[in-house]
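A.B. asks: This is the structure I want to talk about, given as structure tokens.
Protein chains: 4
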Amino acid sequence: MNITLAQAEAAIAAAKTKAAAIDTKMDICVVDAGSNLVAFARMDGAWIGSVDISFKKAKTAAWFTMDTAALSPLVQPGQPLYNIEHSNGGLITFPGGVAIKNAAGEVIGAIGVSGSTVENDHTVAEAGAAAVK
Amino acid sequence: MNITLAQAEAAIAAAKTKAAAIDTKMDICVVDAGSNLVAFARMDGAWIGSVDISFKKAKTAAWFTMDTAALSPLVQPGQPLYNIEHSNGGLITFPGGVAIKNAAGEVIGAIGVSGSTVENDHTVAEAGAAAVK
Amino acid sequence: MNITLAQAEAAIAAAKTKAAAIDTKMDICVVDAGSNLVAFARMDGAWIGSVDISFKKAKTAAWFTMDTAALSPLVQPGQPLYNIEHSNGGLITFPGGVAIKNAAGEVIGAIGVSGSTVENDHTVAEAGAAAVK
Amino acid sequence: MNITLAQAEAAIAAAKTKAAAIDTKMDICVVDAGSNLVAFARMDGAWIGSVDISFKKAKTAAWFTMDTAALSPLVQPGQPLYNIEHSNGGLITFPGGVAIKNAAGEVIGAIGVSGSTVENDHTVAEAGAAAVK
């Protein structure tokens, strides 16, 4: 049910390749289905502040078994989940956290990427998640 | 790669001079490139609540190698980095945190200033950063 | 009733001189009587982990208007204040925190020093406190 | 002055090899000289509770530029650094955190290992640190 270290390392390798291909430097975090850390890499020169953001993106995606991009519209002022970020020691609800599923479609973990625009972060996270078979 | 104490003290001295010149009382914090504290001064009568704000401004600027003023528009409701402040134990994303660069243009630390309007805070932080050669 | 920034800077300057004289590299923190930060300096090469320890030594000394060395025997297993370190977000109860008094003998702040043996830390803190008239 | 991601990944690979050789499952964390995370791996079946311990061991070693094993005798009841663990958001002061040095002998980061006995943790951390040239 949980992602293995080998799968997490494959996700990070794919994410690093995609990050380099689009000329970005990323912090990349992979957690298991229980939202516990499995693997992490900070590319040389990537923001230090993105370490924690990549953690919180991955954890948020695992905690709610959905991409963080799906939460973004729901957390705005006046919307149903406004200020949900105050829970769980701090959520990140903008794009860059992506749920990782196995062949059966079950969520076995999540990847969080931070270090560039949220569009780039999400693109790199998708590349990482896609590397897990 | 990291700011020295002598450089940090020069930044604080210049910031204090500017703060006095514009009739303000400031909390002034300098961190290194790793976002670890190097020097701090609270001017007599400056707000106690600004101690932590100056810390978080300096750390935010170092964590993301940019002035906090550059983050302000991006963190508003509906914008890409909305509620990023929940990361890293608390960011401050309004003006007053300024990256400090060496002659080669590398970020070697950051200065955070709090105690007046954000415009004044930023002006004083700029004066401090400019004193580092 | 409270230490001024000029007095705090004099304490840090004296502490730095003493630290250099005994061939140590120190983190030096000065707080006011309310335990709020006034000034700080980390000497080049001093431990990063001592930033927080110098803060907690200074705060502990100010919170209880006594040197941290006076607390050390009281916090041991079986002694009256065992595990008092769990209060106030974390105390440090070994030597290196020294109360700063004015000419009238009133506590106007405290200095915390960390970076070497606790004996050296205390010696440097004493030198800093003695510089405040 | 700071460890690179390639060096950190080499350290983790060597630590994993050693961990497998002695039939253990480890959490392995590498931080840079500023104590900021660079890379992490949790071996399949390793304790979840060791994620944070490996972080704190690596950070403690980086913060004080020494192996955590060197701190263990100093933090016992009655000893000079008793209850230092209350600083820096929590230290780990038993073996398993090892400073990583470059060829010039400068500390460029640290590795923290947790998941077995402290002797095994230290052995695996040493193997990881030795892989960094």
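Protein sequence lines correspond, in order, to chains A, B, C and D. In terms of the UniProt record's numbering, the first sequence is residues 1 to 133. In terms of the UniProt record's numbering, the second sequence is residues 1 to 133. In terms of the UniProt record's numbering, the third sequence is residues 1 to 133. In terms of the UniProt record's numbering, the fourth sequence is residues 1 to 133. No residue lacks a Cβ here, since even glycine has one placed at the ideal position from N, Cα and C. This structure is a prediction, so every number in the text was calculated from the model and none was measured.
1. Suppose contacts are defined by Cβ-Cβ distances below 9 Å. Is Thr65 of chain C in contact with Asn88 of chain C by that definition?
2. Could you give the C-beta distance for Ile12 of chain D and Val30 of chain D, rounded to a whole number, given that I count them as a contact under 8 Å?
3. To the nearest angstrom, report how far apart Gly112 of chain D and Ile22 of chain C are at their CA atoms.
4. Report back the beta-carbon spacing between His122 of chain C and Pro95 of chain C to the nearest angstrom; my notes put them in contact at under 8 Å.
5. Which residues does DSSP pair with Lys101 of chain D in a beta bridge?
6. Tell me whether the beta-carbon of Leu5 of chain D lies closer than 9 Å to the beta-carbon of Ala41 of chain A.
7. Examine the ligand GTP and report whether any of its heavy atoms sits within less than 8 Å of the Cβ of Lys56 of chain C.
8. Measuring alpha carbon to alpha carbon, tell me which of C:Met1, C:Ala8 and C:Asn2 ends up nearest Ala131 of chain C.
9. For Gly90 of chain A, which residues in chain B fall below 7 Å Cβ to Cβ?
10. State the start and end residues of the unbroken alpha helix (DSSP H) segment that holds Arg53 of chain A.
11. Spatial neighbours of Asp67 of chain C within its chain, please: CB distance less than 7 Å, with the 5 preceding and 5 following residues excluded, ordered by chain position.
12. Could you give the C-beta distance for Ser114 of chain C and Asp27 of chain C, rounded to a whole number, given that I count them as a contact under 8 Å?
13. For a test of the three-state rule: what should DSSP assign to Ser72 of chain D, helix, strand or coil?
14. Among the candidates C:Ala20, C:Thr24, C:Asn36 and C:Asn2, whose CA atom is the shortest distance from the CA of Val118 of chain C?
15. Taking the DSSP output, what are the residues bridged to Gly112 of chain D?
16. Taking Cβ positions only, does Ile108 of chain A come closer than 9 Å to chain B?
17. With a threshold of 9 Å between beta-carbons, can Gly49 of chain A be considered close to chain B, or not?
18. Starting from Leu81 of chain B, find everything on chain A with Cβ-Cβ shorter than 8 Å and list it in chain order.
19. Does the distance from the C-beta atom of Trp47 of chain B to that of Leu91 of chain B stay below 9 Å?
20. Determine the DSSP secondary structure at Asp21 of chain A, reduced to helix, strand or coil.
21. When burial is assigned at 16 or more other CB atoms within 10 Å of the CB, is Asp32 of chain B buried or exposed?
22. Please list, in chain order, the chain D residues whose beta carbon lies closer than 8 Å to that of Val38 of chain A.
23. Answer with buried or exposed for Lys133 of chain A, where buried requires no fewer than 16 other C-beta atoms within 10 angstroms of its C-beta.
24. Give a yes or no on whether 9 Å exceeds the smallest Cβ distance from Gly105 of chain B to chain A.
25. Roughly how many angstroms lie between the CA atoms of Ile84 of chain D and Ala129 of chain B, to the nearest whole one?
26. Check the Cβ-Cβ distances between Ser54 of chain D and every residue of chain C, and say whether any is below 9 Å.
27. Starting from the C-beta of Val51 of chain A, find all residues in its chain whose C-beta is less than 7 Å away, skip the five residues before and the five after it, and write them out in chain order.
28. If Val75 of chain D and Thr93 of chain D are in contact, beta carbons under 8 Å, what's the gap, nearest whole angstrom?
29. Cβ atoms of Gly34 of chain B and Asn36 of chain D: under 9 Å apart, would you say?
30. Helix, strand or coil for Leu37 of chain C per DSSP?
31. Quick check on Asn2 of chain D - is its C-beta less than 9 Å from some C-beta in chain B?
32. Residue range of the alpha helix (DSSP H) that His122 of chain D falls in?
33. Could you tell me which of A:Asp44, A:Ala39 and A:Lys18 sits nearest to Met1 of chain D, measuring between CA atoms?
34. Looking at the C-beta of Ala131 of chain C, does it have a partner C-beta in chain B at a distance below 9 Å?
35. At a CB-CB cut-off below 9 Å, which residues of chain B make contact with Gly34 of chain D?
36. To the nearest angstrom, report how far apart Ala69 of chain C and Ala125 of chain C are at their CA atoms.
C.D. replies: In terms of the structure at hand:
1. Not a contact, by the Cβ cut-off of 9 Å.
2. Between Ile12 of chain D and Val30 of chain D a beta carbon distance of about 6 Å is seen, short of the 8 Å cut, so the two are scored as contacting.
3. Their Cα atoms are separated by approximately 32 Å.
4. 4 Å between Cβ atoms; contact.
5. In the DSSP assignment, the residues bridged to Lys101 of chain D are D:Val107.
6. Taking 9 Å as the Cβ cut-off, Leu5 of chain D and Ala41 of chain A qualify as a contacting pair.
7. Looking for the ligand GTP in the displayed structure turns up nothing, as the structure carries no ligands at all.
8. Ranking the options by Cα distance to Ala131 of chain C, first place goes to C:Ala8.
9. Chain B residues near Gly90 of chain A: His86 and Ser87.
10. At residue 53 of chain A the sequence reads Ile, which differs from the Arg that was named. It spans Gly49 to Trp63 - the alpha helix (DSSP H) in which Ile53 of chain A sits, taken as one unbroken run.
11. By the criterion of a C-beta distance shorter than 7 Å, Asp67 of chain C is surrounded in its chain by Ala61, Gly97, Val98 and Ala99, once the five residues flanking it on both sides are discounted.
12. Between Ser114 of chain C and Asp27 of chain C, the beta carbon gap of about 5 Å places them in contact (Cβ cut-off 8 Å).
13. In the structure shown, the three-state DSSP call for Ser72 of chain D is helix.
14. Nearest option by C-alpha distance: C:Thr24.
15. Gly112 of chain D is bridged to D:Cys29 and D:Gly97.
16. No - not a single Cβ of chain B is within 9 Å of the one on Ile108 of chain A.
17. Yes, Gly49 of chain A counts as interfacial toward chain B.
18. Correct list: Phe94 and Val118.
19. Going by C-beta atoms, Trp47 of chain B is not nearer than 9 Å to Leu91 of chain B.
20. In the sequence as displayed, the identity of residue 21 of chain A is Ala instead of Asp. Ala21 of chain A falls in the helix class under three-state DSSP.
21. So Asp32 of chain B counts as buried.
22. Contact annotation for Val38 of chain A against chain D: Ala41 and Arg42 [CB-CB distance below 8 Å, chain order].
23. Residue burial is scored here from C-beta neighbours: Lys133 of chain A has fewer than 16 other C-beta atoms within 10 angstroms and is therefore classed as exposed.
24. Output row for Gly105 of chain B: interface = no.
25. Straight-line spacing of the CA atoms in Ile84 of chain D and Ala129 of chain B works out to 34 Å.
26. With 9 Å as the cut-off, Ser54 of chain D does not count as an interface residue toward chain C.
27. Closer than 7 Å at the Cβ level, and outside the excluded window around Val51 of chain A, lie Asp27 and Arg42.
28. Confirmed, Cβ separation roughly 5 Å.
29. In this structure, Asn36 of chain D sits near Gly34 of chain B, with a CB-CB distance shorter than 9 Å.
30. Strand, per DSSP.
31. For Asn2 of chain D, at least one C-beta of chain B is nearer than 9 Å to its own C-beta.
32. Here the alpha helix (DSSP H) through His122 of chain D covers Val118 to Ala130.
33. Ranking A:Asp44, A:Ala39 and A:Lys18 by Cα distance to Met1 of chain D puts A:Asp44 first.
34. It does not; no Cβ of chain B falls within 9 Å.
35. In chain order: Asn2, Asp32, Ala33, Gly34, Ser35 and Asn36.
36. C-alpha separation (whole angstroms): 11 Å.
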